[in-house]
Amino acid sequence: MSRLSVGARLTVVMTLIAIAAVLVSVGLASRSVDGSLNRFAEVQNRVEVAGPALKERVPPEVLSAEDSFIDARLGNVRMLGLGLALVFALASAGLVTVTLVRPLRRLTAATDRMGSGDLGVRAELGGGVELARLGAAFNRLGEALHREDELRRATAADIAHELRTPVTGILARIEAAQDGVMPDPHANLAAMHEETLRLARLIEDVGQLADAQKPALLIDKARVDLADVARARAEARADFFRAKGIEFVHDVATAPVHGDPSRLEQVVENLLSNALRYTDPGGSVQLRVRADRDHALLEVSDTGIGIAPEDQGRVFDRFWRSDRSRSRATGGAGIGLAVVRELVEAHDGDVTLESTPGRGTRFRVRLPALRRERVPVPTRGRALASPAQ
Numbered sequence: 215m216s217r218l219s220v221g222a223r224l225t226v227v228m229t230l231i232a233i234a235a236v237l238v239s240v241g242l243a244s245r246s247v248d249g250s251l252n253r254f255a256e257v258q259n260r261v262e263v264a265g266p267a268l269k270e271r272v273p274p275e276v277l278s279a280e281d282s283f284i285d286a287r288l289g290n291v292r293m294l295g296l297g298l299a300l301v302f303a304l305a306s307a308g309l310v311t312v313t314l315v316r317p318l319r320r321l322t323a324a325t326d327r328m329g330s331g332d333l334g335v336r337a338e339l340g341g342g343v344e345l346a347r348l349g350a351a352f353n354r355l356g357e358a359l360h361r362e363d364e365l366r367r368a369t370a371a372d373i374a375h376e377l378r379t380p381v382t383g384i385l386a387r388i389e390a391a392q393d394g395v396m397p398d399p400h401a402n403l404a405a406m407h408e409e410t411l412r413l414a415r416l417i418e419d420v421g422q423l424a425d426a427q428k429p430a431l432l433i434d435k436a437r438v439d440l441a442d443v444a445r446a447r448a449e450a451r452a453d454f455f456r457a458k459g460i461e462f463v464h465d466v467a468t469a470p471v472h473g474d475p476s477r478l479e480q481v482v483e484n485l486l487s488n489a490l491r492y493t494d495p496g497g498s499v500q501l502r503v504r505a506d507r508d509h510a511l512l513e514v515s516d517t518g519i520g521i522a523p524e525d526q527g528r529v530f531d532r533f534w535r536s537d538r539s540r541s542r543a544t545g546g547a548g549i550g551l552a553v554v555r556e557l558v559e560a561h562d563g564d565v566t567l568e569s570t571p572g573r574g575t576r577f578r579v580r581l582p583a584l585r586r587e588r589v590p591v592p593t594r595g596r597a598l599a600s601p602a603q
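Take the sequence shown: its position 57, counting from 1, is numbered 271 in our numbering, and each next residue is one higher.
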């Protein structure tokens with residue numbers, strides 16, 4: 215039976231159930247026949263007790279009809295039961311084929327197509343609630359795989375594009391130097407140095423993103439004050455804001471968490487770099503850290519260009535930028551915020567944003583707070599030290 219299809223197996227099972235039902239019916243009918251025979255035997259005994267006179271009055275054909283009556287009744291019951299079993303089995307097989315086997319075949323065909331690379335295939339199963347749920351789950355899986363495949367293709371294209379720009383610039387300047395048409399060698403070297411730094415930053419960003427997206431991201435958690443992490447990065451970045459003419463204010467309060475200090479530094483660094491990149495001279499950036507009852511909160515607010523409402527759901531996607539030409543000019547590759555999200559989620563936290571175009575953006579990171587261990591307080595009246603000897 216292991217080689218039979220699902221429909222054939224169910225048909226066999228339903229047939230066996232039908233035959234069992236028929237056997238039960240035959241058994242009940244046999245009990246009815248036995249009852250009739252018992253009553254017939256009782257009548258016959260009474261006839262024998264009454265004597266030869268009464269027995270002679272009963273025609274012989276009536277007394278000999280016992281066997282033929284039993285055979286006929288049992289035969290009718292068997293034929294009726296087998297007929298009902300056959301009809302029930304055929305009806306069950308048809309019902310199973312329509313409601314279960316056909317949808318499963320459609321699902322199998324859709325699965326084969328998806329396995330062959332057609333990630334746009336969807337399953338329309340119909341049927342009952344269970345089949346509808348199965349079809350919906352399959353379709354959700356297909357949509358997730360389709361989005362991931364599109365993102366993978368877009369990521370490869372973006373990386374190639376970002377690498378092509380600095381490499382092309384470096385190659386052009388090298389060729390110009392070889393041809394002797396570069397009037398200022400020092401300016402040429404400075405430009406090549408800038409393109410090389412940009413290329414190095416891109417490689418570093420891609421490496422950070424790859425590390426952050428590893429299934430088993432190495433997070434060395436310990437007790438750490440988020441305020442200390444933020445303060446250290448703020449002091450390291452203060453000169454960059456000052457050089458661009460941006461007012462930078464940091465207001466941090468103690469907020470203990472259970473996290474990896476180096477990874478949290480990376481989160482703060484990427485948020486500050488993003489604010490520095492998209493805030494014009496004369497603007498302001500604020501870094502705040504505080505704690506509430508259950509969470510440690512880190513906020514980075516700026517008065518930069520802001521993000522359009524239709525784009526706010528994409529800012530944490532890999533290689534996404536609201537203004538590609540502006541980002542390229544400032545050295546952005548659209549990776550920093552994707553790294554922020556991966557690292558924050560690795561710390562069981564979340565990151566959100568609020569933004570108004572032309573007025574600025576605020577990013578908020580929320581991490582589980584590390585609750586302080588309660589120190590037992592001595593009961594009033596109890597001695598705190600052993601009495602003097």
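Note that CB positions come from ideal geometry on N, CA and C, so glycine has one too.
| If you count every other CB in all the chains shown that lies within 10 Å of the CB of residue 464, and 16 or more means buried, which is it? | buried
| task | Output yes or no for whether 8 angstroms exceeds the beta carbon distance between residue 490 and residue 503. | result | no
| query | From which residue to which residue does the alpha helix (DSSP H) around residue 552 run? | reply | 550-560
| Exposure label - residue 328; buried when at least 16 CB within 10 Å | buried
| task | Report back the beta-carbon spacing between residue 520 and residue 566 to the nearest angstrom; my notes put them in contact at under 8 angstroms. | result | Not a contact, Cβ separation roughly 15 angstroms.
| Selection from 409, 444, 470 and 495 that minimises the alpha carbon distance to residue 438 | 470
| query | Going by C-alpha distance, which of 397, 559 and 480 is nearest residue 421? | reply | 480
| task | Find the nearest neighbour of residue 564 within the set 410, 552 and 572, judged by alpha-carbon distance. | result | 552
| request: Determine the burial state of residue 523: buried for a count of at least 16 other Cβ atoms within 10 Å of its Cβ, exposed for fewer. | output: exposed
| query | Got a sec? Which residues, its chain only, sit under 7 angstroms from residue 384 by beta carbon, not counting five neighbours each side? | reply | 406, 409 and 410
| message | Quick check on the DSSP output: what are the complete alpha helix (DSSP H) runs of length 4 or more inside the segment 331-410, in order along the chain? | response | 343-393
| Can you tell me where the alpha helix (DSSP H) with residue 477 in it begins and where it stops? | 475-492
| query | Taking C-alpha atoms, which residue in 579, 293 and 298 lies nearest to residue 441? | reply | 579
| message | Is the separation between the beta-carbon of residue 380 and that of residue 403 shorter than 8 angstroms? | response | no
| Tell me the DSSP bridge mates of residue 466? | 503
| said: Once the 5 residues before and after residue 539 are set aside, which same chain residues still bring their CB inside 7 angstroms of it? | reply: Unreliable positioning characterises residue 539 in this predicted model, as indicated by a pLDDT of 40, which lies under 50. The coordinate reading is nonetheless provided below. Hits under 7 angstroms: none found.
| field | Alpha-carbon to alpha-carbon, residue 554 and residue 527 | value | 15 angstroms
| field | Through-space distance from residue 451 to residue 495, alpha-carbon basis | value | 15 angstroms
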